[in-house]
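Below you'll find the structure, written out as structure tokens, and then a few comments.
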Amino acid sequence: MSAQPKLKYFGTSGIRGRTLVDITPNFAERMARAYVDVVLSGIDQAHVVIGRDTRFGAETLELAIIAGLTASGISVKRCGIVPTPVLLTYQQHINADGAVIITGSHIAPDRIGLIFIESDGSYCSDHVTLQIEQRFEIFKEHDGLLQIKNINDLQRIGSIEEPSDVWEIYFSFLNSKINLNLIKTFKGNLVVDPGNGTAAHFFTKFLSDNEIKVTSINDKYLSLPNRFSEPIEANLDQLKLKINNVENLGIAFDLDADRVTFMVINEESQIVTIPADHMGALFIDYLLKNKNKGEVILPINSSLLAEIILEKFNKKPIYCKIGQPATIEIVKKVPNPLFSYEESGKFYFLNEGILWTDGMLMVLKTIELLVESNRPLYTELKETFSTYLEYISITKKIIFDEEKIITLKEKFNKKLEGIKFSGETNRINIDGIRINFDNKSWLLFRASGTEPAYKIVANAKNKALTEELILKGEFFFSELVDDYK
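See the structure below:
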């Protein structure tokens, strides 16, 4: 069976590129027409929801996409600045046939992304995006547009509406997924940093309205945020200044609020940024302890901590490629999916029937867990993981020219086949090459799906072992790749 052709525009999370340089209004309009032709073709009176983030250029591209959709006969609900999970909740509520999201998410401020969504709220699969790309490449100026033969045909141009109840519907959704009375008893204080993105104001208002103590920073829309959008420790100095006691729980979102990072103070008064791997493993333990049944689906770069937790319940994870389309492709094939997460801070409550990630829902689910346990988050992690609390992943990223990365991948993978590492137990070749070791650690070599880079990732039970492993991986990479710098 031949391999699927490589995608030219779509990566692990939609299309990304430089705003108005790689992703221009013409590009966006044409891609919208291709999306209609592949995903919405044959649907009578199809309608789509569209939303954007706060970045410069997002509205310009939104208008271009709306032009492509409506000129193809698709009616549009224009939801404006809105988090990705809020938009997808609204899509499902009104049974829209598709959705388009314009967001830079966590990437550099001069870049933006286009995400095309299927009717069930999931990212278009690689198979579908390949068809969209193929259609895009052959589309000319009038392809996909309505055929206008007389004045009556103009009535088929899609309508544009701007709904006012998007957040109201989302808050009703949240209330249906959480125990609000339980959450109201939370004794801690939330410190929320939406990063001047799409969750600004609305989420903190929801918390305050429900009697949860909350302090906020970067809580208004800005096209140039006060911090870099990716919610990683290096970008969260402002949040650290607000975390001043063990009762505080720090929360940081990316621009479109589909990923979240948690920050706490431990018993030694040290500020700790909780890895998403730890939060994911904590929820695996929590869900299974509470008699939830089903399968856990994990991207190949997930920490072995999750496997260790699953072993307590005589279960194994189902591994998948990295990225939302790949994760959901596997989820749809599994009879009873329970939970998934990504190390970037994305969490899927699959047992709730939700095929997208939602940082705000994750915060509320975490509060539920903490109220039930009656312990601060760091204490809960210590009690759950015991000697495995220090499990950590480290990533080394090596940038290459765009043209080199494909041949580099083929060259490196072929050379790596002939090497056997000391302590190696097995390899997983789902997405890159992951080498598992007998001391419950792994080393992953993988070409990035979003940029011209090769990533070496190590995961082990403490920082010293992980650093040692990443150096070993970097050494082998430099030995095997002639032009490594």
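Letter by letter, the sequence shown follows residues 46 to 530 in this note's numbering.
Each residue gets a CB set at the ideal place from its N, CA and C atoms; glycine is no exception.
None of these values were measured; they are calculated from a predicted model.
In the three-state scheme derived from DSSP, where H, G and I count as helix and E and B as strand, Ile288 is classed as coil.
Taken in chain order, the whole beta strand (DSSP E) runs of length 3 or more contained in the segment 135-210 are 143-147 and 156-162. As a beta-bridge residue in DSSP terms, Pro382 pairs with Glu340. By DSSP's assignment, Leu294 forms a beta bridge with Leu235. Excluding the 5 residues flanking it on each side, Ile262 has same chain C-beta neighbours closer than 6 Å at Asp238 and Gln283, in chain order. Here the C-alpha atom of Ser150 lies approximately 15 Å from the C-alpha atom of Met405. The beta-carbon distance between Ile450 and Pro497, rounded to whole angstroms, is 5 Å. This is short enough to meet the 8 Å contact definition.
Uninterrupted alpha helix (DSSP H) stretches at least 4 residues long and entirely within the segment 395-426 occur at 404-418, given in chain order. Within the same chain, and ignoring the five residues on either side of Thr134 in sequence, the residues whose Cβ sits closer than 7 Å to its Cβ are Ile214, Tyr215 and Phe218. If one requires a minimum length of 3 residues, the beta strand (DSSP E) runs lying completely within the segment 440-507 are 469-473, 478-482, 486-492 and 498-505, in chain order. Per DSSP, the continuous beta strand (DSSP E) segment holding Ile316 begins and ends at Ile316 to Ile319. Under the three-state reduction of DSSP, Ile277 is assigned to coil, being neither helix nor strand. 8 Å or more divides the Cβ of Ser167 from the Cβ of Leu395.
Its Cα nearest to that of Leu383, the residue Asn337 stands out among Gln369, Glu417 and Asn337.
The beta-carbon separation of Ile119 and His92, rounded to 7 Å, stays under the 8 Å limit for a contact. Counted as a single uninterrupted DSSP element, the alpha helix (DSSP H) harbouring Phe72 occupies residues Pro70 to Tyr80. The segment 340-353 and the segment 431-438 touch, with no fewer than 3 CB-CB distances between them shorter than 8 Å. In this structure, Thr429 places its C-beta atom within 8 Å of the C-beta atom of Leu327.
Around the Cβ of Arg201, a 10 Å sphere holds fewer than 16 other Cβ atoms; the residue is exposed. Going by beta carbons, Ile316 and Met308 fall inside the 8 Å limit. Taken atom to atom, the span from the alpha-carbon of Asp165 to that of Thr411 is near 26 Å. By the neighbour-count criterion, in which a residue is buried when 16 or more other Cβ atoms sit within 10 angstroms of its Cβ, Asn226 is exposed.
Here DSSP, grouped into helix, strand and coil, assigns Gly113 to helix. The shortest C-alpha to C-alpha distance from Asn359 to any of Ile329, Gln369, Lys377 and Pro344 is the one to Ile329. Ranking Asn224, Asn474 and Gly158 by CA distance to the CA of Asn255 puts Asn224 first.
Per DSSP, Phe392 is one residue of the beta strand (DSSP E) stretching across Lys391 to Tyr393.
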